[in-house]
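First comes the structure, then the notes that go with it.
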DNA sequence: AGAAAAATAGCACGATCGGTCGTATTTTCA
DNA sequence: TGAAAATACGACCGATCGTGCTATTTTTCT
């Protein structure tokens with residue numbers, strides 16, 4: 070690999086860390102260069118514009134998400150097992166990202182929902198892909214005979230994402246220690262209501 | 070009322086509109102002044118610092134939220150009726166805010182989850198209050214004999230907020246027309262699983 | 001009406017922003 | 001090894017940021 074290309078990847082990785090904390094707009098080229106002990110212009114030379122760097126950062130985040138959250142889940146057997154793993158990995162991703170900043174996809178959702186452009190388009194696409202992935206996995210739980218045949222996988226995806234969102238808020242902003250337990254309880258309830266049979270012994274209590 | 074105080078309230082209201090679009094940090098005093106056809110220093114003279122303005126903006130948002138979302142719900146009879154109204158008003162709030170920017174509380178949650186200070190403290194307090202309010206109303210559904218006596222109102226609040234969060238994302242960022250229907254379906258499912266009896270005829274289908 | 005007080009505008013400050021340019025250094029490869 | 005190409009640097013640009021200071025206009029009160 071070129072030395073330049075290596076450095077470029079290095080910059081993008083650092084930028085992703087920084088962007089998780091201050092967003093993609095708040096990401097400052099000067100601050101990024103200083104934190105890497107290189108000059109601002111030396112850093113800038115690797116990208117034709119700030120937006121190009123921002124896009125590269127978002128693409129890297131997508132790659133990591135696919136590798137850390139989606140891929141391991143697809144290795145699980147179809148149906149509820151795979152769905153559980155997908156949720157576990159998602160919660161784990163959000164929790165881990167919270168140590169340095171927050172889940173970049175959730176941050177950017179609010180940063181760019183009013184800002185048209187290539188970044189927003191890319192972000193929308195990645196969110197749609199993610200929802201589609203969840204729905205597709207949920208659909209395998211139907212074909213495996215675990216979920217009701219007439220249930221809506223897209224609705225399942227919608228609700229699962231909601232759990233992850235409120236989990237991040239409770240965990241990161243509010244600092245609630247029970248946040249993860251609450252998220253898992255919510256997911257358990259979600260799964261149960263999509264099953265073919267609902268045992269009466271289980272309740273929504275804590 | 071003083072003319073100065075009147076102008077101050079005017080500025081705060083305009084700032085709230087602007088902050089809903091660009092966040093509280095992205096709120097620029099110069100841009101705000103220009104949009105109100107006054108000078109930047111004339112505007113600034115009403116506040117000892119930008120942070121003071123930001124805090125005033127957040128407090129105004131809290132007042133409006135209490136008046137538009139919470140108060141009308143408390144006028145409803147205790148129990149599920151009140152809970153339904155609370156949810157309806159919340160979804161309505163998020164939807165309406167989305168026309169100009171987005172729900173400021175959700176935006177700020179990501180903007181300030183890593184930024185200590187008075188604004189963050191105020192934001193955390195308002196989120197805790199909101200969760201507490203939902204839980205308190207959910208608790209009335211227990212005493213009214215509609216919800217299971219052993220269910221957890223705080224868990225209910227957690228999940229209801231999650232639905233509102235994913236609704237905003239689906240509605241504003243992704244532009245999904247079914248977003249509101251999805252949110253209502255999710256809430257229906259949430260309510261049902263907290264009830265004393267669960268009629269077998271209802272399903273999670275679309 | 002006139003004086004005291006409040007409100008507003010004009011201006012300038014240091015800092016930081018994304019971005020450009022000319023030049024020096026390093027890497028690459030024949 | 002030597003020349004071309006890639007990479008990094010410091011200086012600098014125009015714009016914008018929050019924030020003081022001062023003068024002027026407008027409101028308020030006796």
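Chains as they are written, first to last, in the numbering used here: chain A, 70 to 275; chain B, 70 to 275.
Beta carbons: idealized from backbone N, C-alpha and C, even for Gly.
Asked, Found
"Please confirm if residue 238 of chain A has its CB atom under 8 Å from at least one CB of chain B.", "yes"
"I want to verify the contact list: residues of chain B whose CB lies under 7 Å from the CB of residue 197 of chain A, in sequence order.", "243"
"Closer than 7 Å between beta carbons: that is the criterion. Which residues of the stretch 200 to 233 of chain A meet it against chain B?", "217, 219, 220, 221, 224, 227, 228, 230, 231 and 232"
"Could you tell me the alpha carbon to alpha carbon distance between residue 161 of chain B and residue 108 of chain A, rounded to whole angstroms?", "49 Å"
"Would you list, in chain order, the members of the stretch 147 to 176 of chain B that have their beta-carbon closer than 7 Å to a beta-carbon of chain A?", "170, 171, 175 and 176"
"Excluding the 5 residues flanking residue 81 of chain B on each side, which residues of the same chain have their C-beta closer than 8 Å to its C-beta?", "122, 125, 126 and 129"
"Along chain B, in chain order, which residues have C-beta atoms closer than 7 Å to that of residue 29 of chain A?", "The requested residue 29 of chain A is not part of the displayed model; chain A covers only 70 to 275."
"Would you call the stretch 198 to 212 of chain A and the stretch 138 to 156 of chain B touching, i.e. three or more CB-CB distances under 8 Å?", "no"
"On the DSSP letters alone, give me the boundaries of the alpha helix (DSSP H) that residue 141 of chain B sits inside.", "140 to 143"
"Taking C-beta to C-beta, are residue 251 of chain A and residue 233 of chain A nearer than 8 Å?", "no"
"Whose C-beta lies closer than 8 Å to the C-beta of residue 178 of chain B among residues of the same chain, with five residues either side of it excluded?", "192 and 196"
"In the stretch 183 to 225 of chain A, which residue ranges form an unbroken alpha helix (DSSP H) of at least 4 residues, counting only runs that do not cross its ends?", "187 to 212"
"Which chain B residues are close to residue 179 of chain A, counting only those with a beta carbon under 7 Å from its beta carbon?", "171, 175, 176 and 179"
"Helix, strand or coil: how does DSSP classify residue 264 of chain B here?", "strand"
"Any residues in the stretch 104 to 130 of chain A with a beta carbon nearer than 7 Å to a beta carbon of chain B? Which ones, in chain order?", "none"
"Are the beta-carbon atoms belonging to residue 155 of chain B and residue 206 of chain B less than 8 Å from one another?", "yes"
"When you compare each of A/217, A/214, A/227 and A/237 to residue 202 of chain A by their alpha carbons, which one comes out closest?", "A/227"
"Could you tell me the distance, in whole angstroms, from the CA atom of residue 143 of chain A to the CA atom of residue 144 of chain B?", "49 Å"
"Between which two residues does the alpha helix (DSSP H) carrying residue 78 of chain B extend?", "72 to 91"
"Where do the ends of the alpha helix (DSSP H) carrying residue 126 of chain A lie?", "119 to 134"
"In angstroms, rounded to a whole number, what distance separates the CA positions of residue 269 of chain B and residue 209 of chain B?", "Reliability of the predicted coordinates at residue 269 of chain B is poor, the pLDDT of 47 falling under 50, and the value obtained from them is presented with this limitation in mind. One C-alpha to the other measures close to 25 Å."
"Does the count of Cβ pairs from the stretch 158 to 176 of chain B and the stretch 78 to 92 of chain B closer than 8 Å reach three?", "yes"
"Taking C-beta pairs closer than 7 Å, name the residues in chain B that residue 251 of chain A reaches, listed in chain order.", "224 and 227"
"Span of the alpha helix (DSSP H) holding residue 97 of chain B?", "Here residue 97 of chain B belongs to no alpha helix (DSSP H), and DSSP marks it neither H nor E."
"Round the Cβ separation of residue 102 of chain A and residue 112 of chain A to the nearest angstrom and send it over; I've been treating them as touching at under 8 Å.", "4 Å"
"Using beta carbons (cut-off 8 Å, strictly below), is residue 258 of chain B in contact with chain A?", "yes"
"Helix, strand or coil: how does DSSP classify residue 147 of chain A here?", "coil"
"Using the beta-carbon count (16 or more within 10 Å), is residue 255 of chain B buried or exposed?", "buried"
"My assumption, with CB atoms under 8 Å, is that residue 213 of chain A sits in contact with residue 147 of chain A. Please give the rounded CB distance.", "6 Å"
"Going by beta carbon distance, what residues of the same chain come within less than 8 Å of residue 218 of chain B, once the five residues before and after it are set aside?", "211"
"Identify whether residue 114 of chain B lies in helix, strand or coil by the three-state DSSP scheme.", "coil"
"What residue range does the alpha helix (DSSP H) around residue 105 of chain B cover?", "Element bounds for residue 105 of chain B: n/a, residue is neither H nor E."
"Where do the N-terminal and C-terminal ends of the alpha helix (DSSP H) with residue 177 of chain A fall, by residue?", "173 to 181"
"Taking the straight line between their C-alpha atoms, what separation do you get for residue 245 of chain A and residue 225 of chain A?", "25 Å"
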